[in-house]
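Let me begin by presenting the structure, written as structure tokens, before commenting on it.
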Ligand SMILES: [Zn+2]
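Residue numbers (my numbering): 227 to 405.
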């Protein structure tokens with residue numbers, strides 16, 4: 227796999243000064259280091275994932291979103307993807323979501339909310355001149371992650387503000403148990 231730090235550093239657990247600098251400047255976090263080390267372990271028994279290019283990870287409310295560069299994740303078979311996901315969930319104890327960074331916002335959002343579907347994306351200019359994206363999804367009950375967490379992920383990874391709305395709302399908003 228390709229990582230933004232030296233493989234040697236990950237293996238030894240000691241970062242060289244260049245990689246240490248990326249951590250200090252906030253380009254990478256301690257979570258990234260832990261996830262990359264877990265991926266390195268997973269790769270030993272799942273060599274198919276060696277084509278992946280790691281981008282970053284986000285840990286929030288029991289979920290772990292792991293982002294890879296465009297086209298690397300989509301080249302893997304569904305069997306390999308699910309093996310990767312369950313291995314990482316087991317190693318981290320978190321609900322793992324594997325994601326690909328996409329330049330196209332609607333493609334990125336569609337992957338993020340699946341199996342729910344994106345119906346429309348509208349840009350709204352707020353009075354303070356910032357832009358917010360209103361994203362209409364088909365069915366709230368199809369979401370596997372609460373919408374507030376999804377909004378947080380888009381903000382932190384893409385630096386874009388999104389608010390989700392639903393054609394069909396769940397009768398019990400996302401308090402129910404999450405898969
Ligand atoms: Zn290094």
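Glycine included, each C-beta is placed from N, C-alpha and C at the ideal position. It should be emphasised that the depicted structure is a prediction, and the values quoted were computed from it without experimental measurement.
Here residue 269 has 227, 275 and 276 as same chain residues with Cβ atoms under 8 Å from its own Cβ, once five neighbours each way along the sequence are excluded.
The continuous beta strand (DSSP E) containing residue 346 extends over residues 344-351. Per the CB criterion, closer than 6 Å to any heavy atom of ligand 1, the qualifying residues run in chain order as 231, 232, 235, 241, 242, 244 and 245.
Rounded to the nearest angstrom, the gap between the Cα atoms of residue 248 and residue 317 is 25 Å. Residue 352 counts as exposed, since fewer than 16 other beta carbons sit within 10 angstroms of its beta carbon. Contact annotation, residue 281 with residue 327: C-beta distance approximately 5 Å; criterion of less than 8 Å satisfied.
Membership of residue 394 in the beta strand (DSSP E) is indicated by the continuous run 387-394.
By the neighbour-count definition (other C-beta atoms within 10 Å, threshold 16), residue 294 is a buried residue. For the pair residue 380 and residue 388, the CB atoms are nearer than the 8 Å cut-off. Annotated three-state conformation of residue 289 is strand, per DSSP. When the five nearest sequence neighbours on each side are left out, the beta carbons in the same chain lying within less than 8 Å of the beta carbon of residue 302 are those of 274, 275, 277, 278 and 310, in order along the chain. The three-state secondary structure of residue 303, taken from DSSP, is coil.
Taking residue 346 as reference, the option from 392, 286 and 285 with the minimal CA-CA separation is 392. For the options 366, 258 and 250, the alpha carbon positioned closest to that of residue 230 is the one of 258. CA-to-CA, the gap between residue 344 and residue 363 works out to about 5 Å.
Annotated as distal: residue 329 and residue 366, with beta-carbon spacing of 8 Å or more.
In its chain, beyond the 5 residues on either side, 375, 378 and 379 have a beta carbon closer than 8 Å to the beta carbon of residue 286.
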